[in-house]
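I have placed the structure first, in the form of structure tokens, so that the comments after it can refer back to it.
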Amino acid sequence: MNDQKRIRRIIAVVVAGAAISTTAQAQGLGGALSGAQAQTQQRVQQQVQAQVQQRVQGQVQNQIQSQVQAQVQAQVQQRVQAQIAGNVTARVNNQIEATARQAARLAARAQATGKAASSAALSTAANTNVDANASANVNGNARIGQNQIAASNNTEARVGVSAAAIQITHGDVAVYDSIFGQFNPLRTAAVIKTNAQGHAHTAAGTASHIAAAGQTSADAASSNATAVGGNLLTSGEAAIAGQASASAQTQSHTSGEFGIAGILDANVDLSAMIAVAARQRRAEISQMRDQAIASANAELMAHADAMETQLAAFASAQQQAVAQARGTAKAAAQSAASTNAAVNANANGSATVR
């Protein structure tokens, strides 16, 4: 009985030990599995975090690079555009100034020529009256000689007025078109000629006709006075013919090189016509700006600004050109007056001797 109990106890102890051992082993395996799972999770989390960080960093770097590149490109483009715009503006301004100077020179030349022609005509008339009064106490032969001299002087004056007409080239008309547009004064003031040289021949023919008439009148008065006056008249005719020939050659050369569009007579007040055209052009510019503002048209506004710039440049250049032309005309008038006085003195001396 005791042996059986002992065996049972031993078996119970063995079974209990086995159970304890199994439980311990099971717990050990569970702990090992839990540790492996934890390590795996950490590794996975680390890999995911690393990938996410790389992606985020890559995106941030790409964005920063894109922004920097965009800023650099914008700055470079602005600089290039500013340089190009500056160069274009400078060229346009130079062209505007050149065009304005050309137009202003023509206007100043027309004004100075008109004044010079008027002064020459008045001077000739005054000299003729002086000669007539001075010859009142001289014999008839001397008076006839003086009349021929006066006729010769009058002929030269008429040729001078005729030659004072200004040639208008197609280039001049185009320049004024760019400044005044549809209000171009040259298109109304210029007399179109198919042959500019014919104008010079007409002036020379008129002068010769007047000289011949004066000579015929003098010959009928006295043969002695005719001899004296004829010599003076021949000298005057030679000078007239030389001036007319030079004028014809100059006009012919100009016509072939530049293309003559018309003849602006010295009696035409081009300055007044330019002033009217400028007022009309400014009114047109004002209307254009109103339209640009109403329609929000930047291009139209820029065009109006360019037109205003051209008009302002012309006004400035005209003032300078007129001042220069006045100085030149004044010097020429003084020289002509001195020459005319010397000629009259010589003529009066010759008449007194006769």
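Just so we're aligned: the sequence shown equals residues -26 to -1, 1 to 328 in mature numbering (1 follows the signal peptide of the UniProt record, and there is no 0). Ideal Cβ positions, reconstructed from N, Cα and C, are used throughout, including at glycine. Keep in mind the model is a prediction, meaning the values are calculated, not measured.
- DSSP, reduced to helix, strand and coil, places A299 within a helical segment of the structure shown.
- Between T73 and I153 the beta-carbon gap is near 7 Å, inside 8 Å, which marks them as a contact.
- When Cβ pairs closer than 8 Å are counted between the two stretches, the segment 244 to 256 is seen to touch the segment 76 to 84, the count reaching three or more.
- Counting C-beta pairs with one atom in each stretch, the segment 250 to 259 and the segment 30 to 50 have fewer than three that are closer than 8 Å, which means they do not touch.
- Looking at the backbone, the Cα of E273 and that of H144 are separated by about 29 Å.
- Closest in alpha carbon position to Q294, among I267, A148, R75 and N36, is R75.
- By a beta-carbon distance limit of 8 Å, M275 does not contact A268. Their separation comes to about 11 Å.
- For A235, there is no enclosing alpha helix (DSSP H); the residue is found in the beta strand (DSSP E) stretching over I234 to L238.
- Under a 10 Å Cβ-count criterion, V149 is classified as buried, with 16 or more other Cβ atoms of the shown protein chains found around its own Cβ.
- Residue pairing by DSSP places T73 in no beta bridge whatsoever.
- A Cβ-Cβ contact shorter than 8 Å links G155 with E258.
- Straight-line measurement puts the Cα of Q41 at about 12 Å from the Cα of Q33.
- Per DSSP, the unbroken alpha helix (DSSP H) holding Q261 starts and ends at L244 to S269.
- Across the structure, Q16 and R(-18) are spaced so that their CA atoms are roughly 49 Å apart.
- Under the DSSP assignment, G155 falls outside any alpha helix (DSSP H); it carries neither an H nor an E label.
- Looking at the DSSP output, Q294 shares a beta bridge with no other residue.
- Rounded to whole angstroms, the gap between the alpha carbons of Q(-23) and S8 is 44 Å.
- Bridge pairing for I140: L238 [DSSP].
- C-alpha of Q51 to C-alpha of A278: approximately 27 Å in a straight line.
- Straight-line spacing of the CA atoms in Q31 and V18 works out to 20 Å.
- The C-alpha of T313 lies about 21 Å from the C-alpha of A299.
- Beta-carbon to beta-carbon, A235 and V147 are separated by about 5 Å, close enough to satisfy the 8 Å threshold.
- A straight line joining the alpha-carbon of N68 with that of A303 spans about 28 Å.
- I248 is not a Cβ neighbour of I142, given a cutoff of 8 Å.
- The Cβ neighbour count for Q292, taken over all protein chains shown within 10 Å, is at least 16; the residue is labelled buried.
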